[in-house]
Amino acid sequence: MRRVIDAIMYVVTHGCKWRGLPKDFPPWRTVYGYFSDLQSRGRWRRIHYALYEMVRDEAGRSPDTTLLIIDSQSVKTGKCAEAPTKGYDGGKRVKGRKRHVLVDSMGLLVDVAVTPANVHDTKGAVKVLKKYQKRVKQPRVRKVIGDKGYRGEMLKGFVRKAFKAVVAIGQNHTSTANGFVPDEKRWLVERGFAWLGDYWRLSIDRERLMAHSCAMVRLAFIRLMLRRLVSV
């Protein structure tokens with residue numbers, strides 16, 4: 001099983017096709033079968049959540065964050081992506097899918113949702129926040145930070161009702177005479193997207209199913225959290 005997991009992480013890191021796995025790994029059909037099965041049974045999600053709590057515990061933090069930062073990333077899709085799962089993001093001029101990502105004050109992935117790229121940021125935000133709400137029985141969230149794309153009563157109303165929290169809308173990043181000025185905490189989620197950029201599999205969305213796209217994002221952060229725990 002260890003070699004299967006190593007092979008899955010190899011795909012995430014190097015971006016090769018499943019069929020292109022080196023011969024010293026188990027057969028690609030076996031590796032892909034495990035990846036798909038573990039995703040469908042929610043195992044990647046549970047591993048992600050368990051490691052998330054471990055990293056926060058090592059840092060002396062409560063398992064449940066009081067601050068969430070949200071952002072989205074539109075990425076092109078590969079040829080195998082199913083047509084109904086793709087859309088066109090007119091603002092970013094990208095045809096593909098959109099990753100809606102929640103991170104905490106440590107920059108750790110809290111949860112992720114994937115939609116067609118034409119889905120508005122606020123709708124995607126509600127989708128990923130519902131996933132978080134379902135996981136945490138007594139959420140401690142007090143503030144959700146987002147950029148101008150999250151303005152409007154839809155998100156504010158949901159956050160107020162679900163978490164009794166507020167939505168703080170930041171300004172766009174600006175450059176001044178003193179240099180680059182990052183907005184309140186939003187740099188944490190953008191750093192998360194930069195981390196994802198280190199994984200070739202995630203440079204575009206190469207998955208046929210959106211559920212597999214979510215799993216790939218989780219796997220990238222699982223690897224990051226494991227490395228952080230090992231270095232402690």
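Under the UniProt record's numbering, the first residue of the sequence shown is numbered 1, with each subsequent residue one higher.
Using N, Cα and C, we set each Cβ at its ideal position, and we do this for glycine too.
From a predicted model like this one, the values you see are computed outputs, not experimental measurements.
Cβ-Cβ separation, residue j to residue i (assumed contact under 8 angstroms), whole Å
i: T30; j: V4; result: 7 angstroms
i: F189; j: I69; result: Checking the sequence shown, residue 189 turns out to be Val, not Phe. So it is a contact: roughly 5 angstroms between Cβ atoms.
i: D121; j: G149; result: 4 angstroms
i: L67; j: K143; result: 5 angstroms
Local conformation of residue i per DSSP, three classes
i: Q133; result: helix
i: R151; result: coil
i: P84; result: helix
i: residue 268; result: Outside the shown range of the chain (1 to 232) lies residue 268, about which nothing can therefore be said.
i: D205; result: strand
i: G96; result: strand
i: T176; result: Reliability fails at T176, whose pLDDT of 46 lies under 50, so the model's placement of it is uncertain and the value that follows must be treated cautiously. It is a strand residue.
i: D37; result: helix
i: A59; result: coil
i: V181; result: With a pLDDT of only 46 at V181, under the threshold of 50, the placement of this residue in the model should not be trusted; the figure read from the coordinates follows. Note: V181 maps to strand in three-state DSSP.
DSSP bridge partner residues for residue i (one or two, in chain order)
i: L67; result: K143
i: L188; result: Partner(s): none; L188 has no beta bridge.
i: Q73; result: R99
i: D89; result: V94
i: V112; result: V101
Element boundaries [alpha helix (DSSP H), containing residue i]
i: A211; result: 210-231
i: T13; result: 2-14
i: V119; result: Premise fails: V119 is in no alpha helix (DSSP H) and is neither H nor E.
i: G42; result: Careful: G42 lies outside any alpha helix (DSSP H) and carries neither H nor E.
Enclosing beta strand (DSSP E) for residue i [first to last residue]
i: I169; result: 166-169
(message) Does the structure place the segment 45-59 close enough to the segment 73-84 that three or more beta carbon pairs sit under 8 angstroms?
(response) Short answer: they don't touch.
(message) Pairs of beta-carbons, one from the segment 21-38 and one from the segment 89-106, closer than 8 angstroms: are there three or more?
(response) By the criterion of at least three beta-carbon pairs nearer than 8 angstroms, the segment 21-38 is not in contact with the segment 89-106.
(message) Taking contact to mean 3 or more Cβ pairs, one atom from each stretch, closer than 8 angstroms, check whether the segment 116-129 and the segment 59-76 are in contact.
(response) Result yes; three or more Cβ-Cβ pairs closer than 8 angstroms.
(message) Using a Cβ distance threshold of 8 angstroms, determine whether the segment 145-162 contacts the segment 123-135, with at least three qualifying pairs required.
(response) Yes: the two stretches touch, three or more of their Cβ pairs being nearer than 8 angstroms.
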